[in-house]
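Using this note's numbering, you'd call the opening residue of the sequence shown number 899 and step up by one each time.
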Amino acid sequence: MTQLHFPTSFNLVFFGGTGDLVTRKLLPAMYQCHQYNQLVEHGRIYCLGLESFSRDEFLAFVESKAREFVPKDEWNDATWATFQARLAYDKLDATKPEEYAALKARLEQTPAEVNVFYLSTAPFLFSIICENLARQGLNDFNSRVVLEKPLGHDLASSNQLTAEVGKHFDDRQVYRIDHYLGKESVQNLMALRFGNPLFEPLWRREWISNVQITIAEEVGIGTRAGFYDGAGALRDMLQNHLVQLLCFVAMEPPHSLDSCAVRDQKLKVLQSLLPFTEADVHAKTVRGQYRTGVTGGKTVPGYLDEEGIPADSKTETFVAVRADIANWRWAGVPFYLFTGKRLPARFTEIVIHFRDVPHPIFPVSEGQAPQPAKLVIRLQPEEYIRLYLSVKTPGDNMELQQVYLDLDFASKFKARREEAYERLLLDAIRGNQALFVRQDELEEAWVWVEPILNTWAADPKGPLPYAAGTWGPSASADLLSRDGYGWHEDS
Ligand code: BG6
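As C-alpha cells, this is what we get:
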C-alpha cells in the first residue's frame, strides 16, 4: 500500500457552505478532526454561499448548528474557539464566473499544498463550478473536487456529468462521495473478510445460499421533497449505498488496500451483475410508497400528503431487488437488497445465510424449519457481528437450538467511533481515493439499474402502497419466499 502523505497545509472550500450538509455534517466532522489533532496547523476552511453574512454572523450561525449536531459530550467551547479560527465565509454566486477571481485571491492569501473543493450544491452546478474553477487555474494537480450524490439521474446524465467535470479535472482529482464507504463498519467488513482466512473458503456459492442487505429507515423524506420526489429510493439508496455494500460482500480479495486494487475488484462485481430484462424487473423487483401509519408511537402522513409532493407522484420510497452475480463464486446465489423509508426501525445489516447440512441427522420439532448457520453483520445503529450456530439444548433430548457468537464493537472497543464524513474529508485532503467511487464503478452501477428505471417508468401501475411503520409491501417478502427463503430479523 502506498504511504499516505498528509499535506503540510490545505484549503478546504465548501460550495453550498451554509447548507444542511455542511452545517449538520461536514463542519461538525471537521471540528472533530480538529479536536482530535488530525488536522495540520495550516488548514483553512472556506464556506461559500449566497447569504450576506458578516464573519461574526456566519460564525454564530455555524456554531449554533454545530452545537446541535456534535454529540454533547464531545463539545468543548475552548476547542470550538480554536477551530473557528480556521473558518471564513465568502459570498459567492457559483453561477457567475466573474466572482471566482475573488475566490482565487482569497486562496492566494493562504497558499496551500492542496486545495479541496467540496461541491455540496444542487447537482446542476457541478459542471458550472468546475468550469469556473478551471478558468481561474484552480484545477491544477494540487486541486481536488469532491462531488456529493446524486451523480446523474440516469446513465446518460451521469456520463454527461463525468464528461463535463472531466474536461477540467482528471479522474484522479475527482472524489465521488458515497458516505456509506466512510462508515467504520464497512471498513470492518473488509477486515472480517480479508483479515480472517477462516471465512474465505466458505465465502462462495457452495456454502452460501443467499445474502440479504437491508438499509431500513424510520424517517420519512423530511424537508427534502424537491430532491426526493425526483429521485426515489432506487436512485437515492440502491444505485449507490446498497450496490456498494454488495460489492464489498462479493468482491474478490484485492492484492492490497491501494485505492486502485480495491476499486478494480469492486468494478468486477459491478460488471458481473446480471442485467435485468423487462420480465426480470417485474419478477425480481418490488417498489412501494408509504401511506399514513404509525411509527415511533406517532401517526405520520403518507408520502403523497408530505409537503411539496404532487398528489399523483409515483416515486418509490421502498425498493426490494433480487440481484444475481454471474461469476464462478456467486452464480445462483441471490443477493436481496432492501431499503425503505418509514419502516418500523432504523438499521443497516448484511446477513450471509449459509447452506443447510447436506443430510440432517438431528430431529426437528414439528412445524419448525431447519436453521442453517448465518452471519449477521450489523453496521448501524449498533455495530456487531453475530455468527448464528446450532447447539444442543441442555437435557436428555437431542434437540438443537440456534444461538449466536457475538462480537459487539461498542463493548469491545471503548475508543470513539469516527463519523463517516471525518474519514472521508481526511482522505480527500490526503489524497486517498480508496473510499470514493471511481467513474467506471459509477457508470456500471447506472448500467445495472437503468432497465429497472425504464421498466418502472413505462409501467402505469406505480409503486405498491404500504403503511408507514410496516416492513414495506408484502410482495417484498414474496420475493424471498418464492425462492424458499425468509427474511432475517435480528432481535
Ligand atoms: C443519504 C440519502 O444518502 O443517506 C438519505 O440521501 C438517507 O435519504 C441517508 O436518509 C441515510 O444515511 P445514514 O448514514 O443515516 O444511514
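Ideal placement from N, C-alpha and C gives every residue a C-beta, glycine not left out.
Quick caveat, the model's predicted, so the values are computed rather than measured.
- Setting aside the 5 residues that flank it on each side, Leu1036 is surrounded in the same chain by Tyr998, Leu1001, Lys1002, Leu1005, Asn1013, Phe1015, each with a C-beta closer than 8 Å to its C-beta; the list follows chain order.
- Setting aside the 5 residues that flank it on each side, Phe956 is surrounded in the same chain by Tyr987, each with a C-beta closer than 6 Å to its C-beta; the list follows chain order.
- Distances from the CB of Ile1250 to the heavy atoms of ligand 1 are all 7 Å or more.
- The straight-line gap separating the alpha-carbon atoms of Asn1352 and Asp1038 is approximately 39 Å.
- Using a C-beta cut-off of 8 Å, the stretch 940-952 makes contact with the stretch 908-924, since at least three inter-stretch Cβ pairs fall below that distance.
- Taking Phe912 as reference, the option from Leu990, Gly1384, Lys1310, Gln933 with the minimal CA-CA separation is Leu990.
- Short note on Gln1187: C-beta not closer than 7 Å to any heavy atom of ligand 1.
- Bounds of any beta strand (DSSP E) do not take in Leu1323; it lies within the alpha helix (DSSP H) bounded by 1318-1328.
- Going by DSSP, Phe1236 is part of no alpha helix (DSSP H) but of the beta strand (DSSP E) stretching over 1233-1238.
- Listed as beta-bridge partners of Arg942 by DSSP are Asn909.
- Taking the Cα of Ala1326 as reference, the smallest distance to any Cα among Glu939, Leu925, Val1043, Ala1032 is reached at Val1043.
- Contact annotation, Lys1196 with Glu1339: C-beta distance approximately 39 Å; criterion of less than 8 Å not satisfied.
- Rounded to the nearest angstrom, the gap between the Cα atoms of Ala1373 and His903 is 50 Å.
- Residues of the same chain with a CB within less than 7 Å of the CB of Leu1059, apart from the 5 flanking positions on each side, are Phe1024, Ser1025, Leu1049, Gly1050 in chain order.
- Around the beta carbon of Tyr1319, 16 or more other beta carbons lie within 10 angstroms, which makes this residue buried.
- In this chain, the alpha helix (DSSP H) harbouring Arg1033 covers 1023-1033.
- Looking at the backbone, the Cα of Phe959 and that of Gln982 are separated by about 12 Å.
- With a cutoff of 7 Å, Gln1278 counts as near ligand 1, since its C-beta is closer than that to a heavy atom of the ligand.
- Going by C-alpha positions, Phe967 is about 26 Å away from Gly1367.
- Counting the other CB atoms within 10 Å of its CB gives Ile1259 a total below 16, which places it among the exposed residues.
- According to the DSSP assignment, Ala1221 belongs to the beta strand (DSSP E) that extends over 1216-1221.
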